Amino acid sequence: MVAAGEPAVLECMPPRGHPEPSISWKKDGANIDDRDERITIRGGKLMITNARKSDAGKYVCVGTNMVGERESEIAELTVLERPSFVKRPGSQVVLVDQSVEFRCEARGDPVPTVRWRKEDGDLPKGRYEIREDHTLKIRRLTSADVGSYTCVAENMVGKAEASATLTVH
63 MVAAGEPAVL ECMPPRGHPE PSISWKKDGA NIDDRDERIT IRGGKLMITN
113 ARKSDAGKYV CVGTNMVGER ESEIAELTVL ERPSFVKRPG SQVVLVDQSV
163 EFRCEARGDP VPTVRWRKED GDLPKGRYEI REDHTLKIRR LTSADVGSYT
213 CVAENMVGKA EASATLTVH
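Here the sequence shown is numbered in my numbering, starting from 63 and rising by one per residue.
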């Protein structure tokens, strides 16, 4: 398991034989094209620099000689994605006693958890709600609500933050 953008290394114990077999790799049943500059094959080691979601799959190494060929056990590669923003919150200027909404939409694999925080203090007790789509709504604004609000998206491979400023007149 690797995060997208990181290197992936798969190793196998190549089958032994006489004459010594040549080693190749297959992904999901198809031969791997090592002309891709991201892929290096050295014997029983397959190295992928800058792993992509499309690199995920089932890999086997194949030993081939004049007697025939044998495949290794299957190694499954999973490529996860760090959180990134589809929609970032925008800074807003709002009047006292009005409401404000900050939108935030993140993606990643696994799906990130999304939370909100205020730069210097807590979200205003009893006057805010975070909707299912991760929109932060604050009602009955006061001058104490002025500041920076940050949307934090996090999963097991990373964290992303996006902030917006609230000005109240």
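Cβ atoms here follow ideal geometry from the backbone N, Cα and C, with glycine treated the same way. Source: prediction; values computed, not measured.
*Three-state secondary structure (DSSP) of K187*: coil
| request: Express the C-alpha separation of I85 and I103 in angstroms, rounding to a whole number. | output: C-alpha separation (whole angstroms): 9 Å.
So for A70, helix, strand or coil by DSSP? strand
Checklist entry - Within 10 angstroms of its Cβ, does D95 collect 16 or more other Cβ (buried), or is it exposed? => result exposed
Can you tell me which of the three DSSP states A206 falls into?
A206 carries a helical assignment under DSSP once its states are collapsed to helix, strand and coil.
If R144 sits next to G79, beta carbons under 8 Å apart, how far is it from one beta carbon to the other, in whole angstroms? Not a contact, Cβ separation roughly 42 Å.
Can you tell which of I200, V124, D90 and E135 has the C-alpha that lies nearest to the C-alpha of Q160?
I200
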